[in-house]
Amino acid sequence: MQPETRLTADMFRPVTDNFKDAETIGRPSISYWADVWRRLRMNKLAMVGLVVIILLVLMAIIGPMISGYTYYKQDFTSKNLQPSAEHWFGTDSSGRDMFTRIWFGARISLFIGVAAAFIDFVLGVIYGGISGLKGGRVDNIMMRIAEVLYGIPYLLMVILLMVVMGPGLLTIIIAMTITGWIPMARLVRGQVLQLKEQEYVHAATALGADTKWILMKHIIPNTMGPILVNVTLTVPTAIFAEATLSFLGLGIPAPRASWGTMANDALVSLLIGNVYQLFIPGFFISLTMFAFNVLGDGMRDALDPRMRK
Amino acid sequence: MLRYTLQRLGWALLTLWVVVTLTFSLMHLIPGNPFAKEGNMPPGVFENLMKYYNLDQPLYVQYWLYLKSLLALDFGPSLKSSTITVNDYISEGFPVSLHLGLQALLIGVTLGIILGVIAALYHNRFPDYLSMILAIIGISVPNFILATVFINYVAVEWGWLPAATWGTWKHTILPSLALAAMPMAFIARLMRSSMLEVLSQDYIKTAKAKGLARNVVIIRHTLRNAILPVVTVLGIITANLVTGSFVIEHIFGIPGMGEMFVKGIFNRDYPVILGSTVFYSAILIFLIFLVDVMYTWIDPRIKVAGGSK
Amino acid sequence: MKRGFSIIVSLVLLLTLALTGCGGGTKETGESGNQKSSGNTGNNILHVNNSSEPGSLHPAKSQGTHDSWPLRHLFVGLTMKEPKGNTGDFEIKGAMAKDGWKISPDKKTYTFELRDGLKWSNGDPLTAHDFEYAWKYALNPATASEYAYQLYYIQGAEQYNSSKEKDPAKLKALEDKVAVKAKDDKTLVVTLVNPTPYFDELVSFYTYFPVNKKVQEQNPNWANEAKTFVSNGPFKLTEWKHKDSMKMVKNENYFEKDRIKLAGIDWTMVESENTAWQMYRSGQLDLSYPLPGDVVGQLKAQNAPDFKIVPEYATYFYRFNTQKKPFTNVKVRKALTMAIDRKTITESIAQGGQKPAFALVAEGSKDANGKDDFRQVGGDYFKEDVTEAKKLLAEGLKEEGMDKMPKFNIMYNNNDLHKRIAEAIQEMWRNNLGVDVGIENVEFQVKIDREHKLDYDVARAGWIADFIDPMTFVDMFTSVSTQNDTGWKSQAYDAEVNQAKKSSNAEVRMAAMHKAEDIIMKDMPILPIYFYTKAYTLKENVTGVFTPPDEYPVLKYAKFVDEKDKKNKEKQ
């Protein structure tokens, strides 16, 4: 739409030595992920979350070893002791050191959370990816199967699982993922449905790329953002869900304990004034939820291209 | 379009049938029977009971009998309470759960929006932090802890409200609040970010520049647009609240459907398990069906099942 | 997808909200008149919690504890327990039957004569036919009564109840053979299979309650709703909101109505013990039972004035799977039994003043002389001794050809107290014997199932007696018992139990039951832990709650004490 102009010689000048600069980009090039990380780092709350998570993991590793107590040793002469120099978090109603138990519980709770998130991630991406990509009848059937799984009483499946596998850590993790992968699958499917109509995917298809190639090279990298956020939020959700299973008496078998079983066992302690027994595991559940949530929120913001400046 | 609707209805019924069948199988796979107890149970007595409830029949006969009565919308008797049928259970229990769930939703949404708006308007100032801390607590404290704490302090120590059971509106306050915490926190965070986004839009700046009163800008321009994402998640939250309130119902001794469902599973009260499953799944599947149908009307770009081939 | 879905869901829900909103409104205004959170003394109504919806309030169809508590306040049998002192002691006295019922010389035939002028709550006359009808109704295979076996003491009862006969005439013939007969409106004659000294008490049990024949025949579902409910006990049912609450008021037709001081009893159905205790604290309940374990400990330590501990005729124990190595070896079983510290368990975990158990039969039943306790006469069967236990374990394992105790599991059903006891025993075994023990928390149903199939190592158990006689304990472990579940069988044991059942002589009976206990405790297929107690709280302005050792607290003689009266009395 530019007005027509006549070109004259004085509008040109010879190319000088620094002509190569014209091809370079003014700012240093940074990759998408480095940019995300840079923006995440600027989010103070998210960084607090990240630091808390790292500290929790560290304490889960060393915590049970530094107090000099074991998580199972009972001493009824020193039960229900308030936190003190002797027992940093006090003792429970069987006289066990709560500090050791909390960090031992951290191992179990965090492991459950991370393992469940990982399994959900793998299952969800595969299932949702295929469902979304294939579309049509396959998609329809796959989504109906997910609906059926949602429809069957969850508790029935958990009980059957406990009967077949016996109560234990692995059982709990599987229980967390029986239906846990479905939201992830739905998310991935939704993303894929959107992405596969994009021109570059059509182009790839036209060039003869197969499903696997499209999934691995085009779709998954582009859906990674929302998926990562979802994974981050799955960790605390699984820890939370395990706590609820504990409330139903289907938690981790004693004397091992997760934060959930500890909180549930301590519900009665509130009634007799030993508030710390409920408060401490409750606090760590909350802290974990908090840390993962703010980190997840931060990641969501950092991954949002609209926030890119 | 009618053909598609009918087709989808067919799918919905098929899904329901699969759920019933799988639940039926699962239920009979897990060990135990509704009459098991630690006391004496002479074989004669046991056989009479099994016969009375047709449980002595081969499973396929029981399955057939169940499907037949299901078609007549008869969910059968409860094996644990001969005083009440499963139909009664649902018709008496579901309204209670619905009442509790919707009341919690109302509280959660109202408080959540208020907190979110306050947080956004006082962005990065004290009210913002306070609101968000409340929101984080709401989302990170397991509701069985919250409920126990509420009963202990609000009802018992301070004596403001009845501790448990369901009757007058006073009885409904604490359980509704305990149940509302999670959606409140969720909505507050959503509302905050959505408000912040809207507040940074050009048309808000324009409105301000035009000299419109602050209240008008907030209510007419910001709120109306910021509330949309909240409306979008309302459905999912509601479904969770109405069906997932077992823990709250148990702790507060509320005669709702969640408690009955979970107890039915633990008691192996087969008709109760099946009846509630069918009821919940029917609602869920029907809603998904409705959405799918409506969605194709609204957005013709999405290729529906069978439409692509 | 997401947005469309949610909008529709929201719309549907808004609609239902509008609908239920209207319904809810009317309901609330209807109820606001009778708030039950306060004013307990004013209307003379006692507030208690029954923890669960009764399976049935029909005497024949009732399913156990949750039913029996309200049921025992609605009905009364031929006899009843009369309190003696305040510890829960009682004697059996005539209720519907006049005192002085006749027992034949062979102690098998009982002739009860009913009181004059007995009436049902609806005014119908109550006759001996109602008893005959009720018992035969419970025994009818088509009724499918869970507790029908409580009537098996009667001649012909078991044959009738377990009959697979399809021919109505033949079934009727079996029914006619059940040896309970109303000779006339006032006389009931019962003939038993064996002499049963505790039959006096048994006829006060709820399966032996009468049923109004006329009502039952008109409406078989009369017991499902308060409107149609007809009973003969101290209270009648006036309101029953299923799964929520029940209201009972005094029955003016009760034969001893002057002894009933309460205007009524309100029942809630809250399952959580913690919540029930909180309701008691906040004044919603006047009596709280059962209590959470740690609360019991605290109240006991504080010596709380509203806290009571009374005896209970029950034993808490573990079963060994005697079919599974190395629990096949008696020395291994003994070693494990001797290596736990029961005092720690009762004082630091159960905390309700329970007594450590060194035998099967709990304290609380009289021996042959009618004075001494069966338990005192029998004495303890073993001592806790870690050194001896270690020795026995080593010997036992050697006999089984093992060099080390393999890892095994304690199985218990989900419950705070069971869990803490299992954890403590696990620790004790680990410390004292150096054995590696796991804990399996399973659902109640799964536990029962696996016990029946002998699919366990060590399993938690408890037995709360149905009636006060050592027979309720020793009968559990005969080789034909459905409650044995240990895989342990002993002909000598069976013989002793049978002799005790057949004999009409108290000394012979008791001696046989002592011998049976000797046999089982020598073989030790079970590991006794403690004898239960019953701990409950009762508001200080309530008196007269009676606590037999084999029943939930009996509330019929309860009354509210006027605070002023009480203070006056204290001054004097």
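Residue numbers (the numbering used here), protein chains in the order written: chain A, 1058 to 1366; chain B, 2 to 310; chain C, 6 to 577. Beta carbons: idealized from backbone N, C-alpha and C, even for Gly.
Residue i: contacting residues in chain C (beta-carbon distance under 7 Å)
{"i": "A:Y1129", "result": "E432"}
{"i": "A:L1317", "result": "Note that residue 1317 of chain A is Gly in the sequence shown, not Leu. Simply none; closest approach about 13 Å."}
{"i": "B:P256", "result": "K248 and D249"}
Strand pairing of residue i, partner residues [DSSP]
{"i": "C:F325", "result": "C:V463"}
{"i": "C:P316", "result": "C:T538"}
{"i": "C:G443", "result": "C:N414"}
{"i": "C:D189", "result": "C:T192"}
{"i": "B:P331", "result": "Any question about residue 331 of chain B goes unanswered here, given that chain B covers just 2 to 310."}
{"i": "C:W272", "result": "C:V53 and C:M251"}
{"i": "B:M261", "result": "DSSP output for B:M261 lists no bridge partner at all."}
{"i": "C:I469", "result": "C:A319"}
{"i": "A:S1166", "result": "A:S1166 pairs with nothing; no bridge assigned."}
Within chain B, partners of residue i - CB distance below 7 Å
{"i": "A:L1217", "result": "L27, L30 and I31"}
Partners in chain A for residue i, counting only beta-carbon separations shorter than 9 Å
{"i": "B:T338", "result": "Beyond the ends of chain B as shown, which are 2 and 310, falls residue 338 of chain B; an answer cannot be given."}
Any chain C beta carbon closer than 8 Å to residue i
{"i": "A:T1065", "result": "no"}
{"i": "A:A1203", "result": "no"}
{"i": "B:Y53", "result": "yes"}
{"i": "B:N144", "result": "no"}
{"i": "B:L60", "result": "no"}
{"i": "B:E198", "result": "no"}
{"i": "A:L1180", "result": "no"}
{"i": "A:A1242", "result": "no"}
{"i": "B:D1", "result": "Outside the shown range of chain B (2 to 310) lies residue 1 of chain B, about which nothing can therefore be said."}
{"i": "B:S82", "result": "yes"}
Check: residue i C-beta below 7 Å from any heavy atom of the ligand NAD
{"i": "A:Y1128", "result": "In the structure shown, the ligand NAD is absent, as is every other ligand, since no ligand is present at all."}
Within chain A, the residues that residue i reaches when beta carbons sit closer than 7 Å
{"i": "B:V19", "result": "V1205"}
Any chain B beta carbon closer than 8 Å to residue i
{"i": "C:P146", "result": "yes"}
{"i": "A:M1356", "result": "no"}
{"i": "C:A517", "result": "no"}
{"i": "C:T487", "result": "yes"}
{"i": "A:L1285", "result": "no"}
{"i": "C:D421", "result": "no"}
Chain A contact for residue i (CB, 8 Å cutoff)
{"i": "B:T169", "result": "no"}
{"i": "C:V14", "result": "Since pLDDT at C:V14 reaches only 44, below the 50 mark, its modelled position is unreliable, and no value is offered."}
{"i": "C:G28", "result": "The predicted model places C:G28 with a pLDDT of 35, which falls under 50 and marks its position as unreliable; any figure quoted below should be read in that light. No - not a single Cβ of chain A is within 8 Å of the one on C:G28."}
{"i": "B:W12", "result": "yes"}
{"i": "C:I444", "result": "yes"}
{"i": "B:V217", "result": "no"}
Under 8 Å by beta carbon: chain B residues contacting residue i
{"i": "C:E163", "result": "P43 and G45"}
{"i": "A:L1371", "result": "No statement about residue 1371 of chain A is possible, as the shown extent of chain A runs from 1058 to 1366 and does not include it."}
{"i": "A:T1294", "result": "Under the 8 Å cutoff, chain B gives no residues; its nearest Cβ is about 10 Å from A:T1294."}
{"i": "C:Q648", "result": "Only positions 6 to 577 of chain C appear in the structure, and residue 648 of chain C is not among them; the question remains open."}
Partner residues on chain C for residue i, Cβ-Cβ distance less than 8 Å
{"i": "B:N241", "result": "By Cβ distance, chain C contributes nothing, its closest Cβ being about 11 Å from B:N241, past 8 Å."}
Discussion item. Is it the case that the segment 255 to 265 of chain B contacts the segment 86 to 98 of chain B, given that we only count it when at least three CB pairs across the two stretches are under 8 Å?
Written reply: Yes: the two stretches touch, three or more of their Cβ pairs being nearer than 8 Å.
Item to complete: Check whether the segment 345 to 363 of chain C touches the segment 383 to 393 of chain C, counting contact only when three or more Cβ pairs, one atom from each stretch, lie closer than 8 Å.
Response: Cβ pair count under 8 Å is three or more, so yes.
Fill in: the segment 138 to 146 of chain C touching the segment 202 to 220 of chain C, judged by at least three CB pairs closer than 8 Å
Taking one beta carbon from each stretch, the segment 138 to 146 of chain C and the segment 202 to 220 of chain C have 3 or more pairs nearer than 8 Å; the two touch.
Worksheet entry | Three CB pairs or more closer than 8 Å across the segment 309 to 328 of chain C and the segment 456 to 471 of chain C | Taking a cut-off of 8 Å for Cβ pairs, the segment 309 to 328 of chain C and the segment 456 to 471 of chain C touch, as three or more such pairs fall below it.
Item to complete: Select from the segment 1332 to 1344 of chain A all residues with a C-beta closer than 7 Å to any C-beta belonging to chain B, and list them in chain order.
Response: Going along the segment 1332 to 1344 of chain A in chain order, one finds L1335, G1339, I1342 and S1343 with a Cβ nearer than 7 Å to chain B.
Discussion item. At a CB distance below 7 Å, what residues from the segment 1133 to 1158 of chain A approach chain C? Give them in sequence order.
Written reply: Listed by position along the chain: F1133, K1136, S1150 and S1151.
Item to complete: State whether the segment 1200 to 1214 of chain A contacts the segment 1252 to 1272 of chain A, with contact taken as three or more CB pairs (one from each stretch) at a distance under 8 Å.
Response: Under the 8 Å Cβ criterion, the segment 1200 to 1214 of chain A does not count as touching the segment 1252 to 1272 of chain A, having fewer than three qualifying pairs.
Worksheet item: Are the segment 102 to 121 of chain C and the segment 189 to 204 of chain C touching, with three or more C-beta to C-beta distances below 8 Å?
Response: Using a Cβ-Cβ distance cut-off of 8 Å, the segment 102 to 121 of chain C and the segment 189 to 204 of chain C are in contact, since at least three pairs of beta carbons, one from each stretch, lie closer than that value.
Worksheet item: Are the segment 1278 to 1288 of chain A and the segment 417 to 432 of chain C in contact at 8 Å, needing three or more beta carbon pairs?
Response: The segment 1278 to 1288 of chain A makes no contact with the segment 417 to 432 of chain C, as fewer than three CB pairs between them are under 8 Å.
Worksheet entry | Short-range partners of chain B found in the segment 56 to 74 of chain C, where Cβ spacing is below 8 Å | Result list: E58, P59, G60, S61, L62, H63, K66, Q68 and G69.
Worksheet entry | At least three beta-carbon pairs within less than 8 Å, the segment 493 to 503 of chain C to the segment 524 to 538 of chain C | In short, these stretches touch, since the Cβ pair count reaches three.
Fill in: Stretch-stretch touch, CB-based, cutoff 8 Å, three pairs: the segment 451 to 467 of chain C with the segment 413 to 420 of chain C
Cβ pair count under 8 Å is three or more, so yes.
Item to complete: Count the CB pairs spanning the segment 331 to 338 of chain C and the segment 399 to 410 of chain C that are closer than 8 Å, and state whether there are at least three.
Response: Segments in contact, yes.
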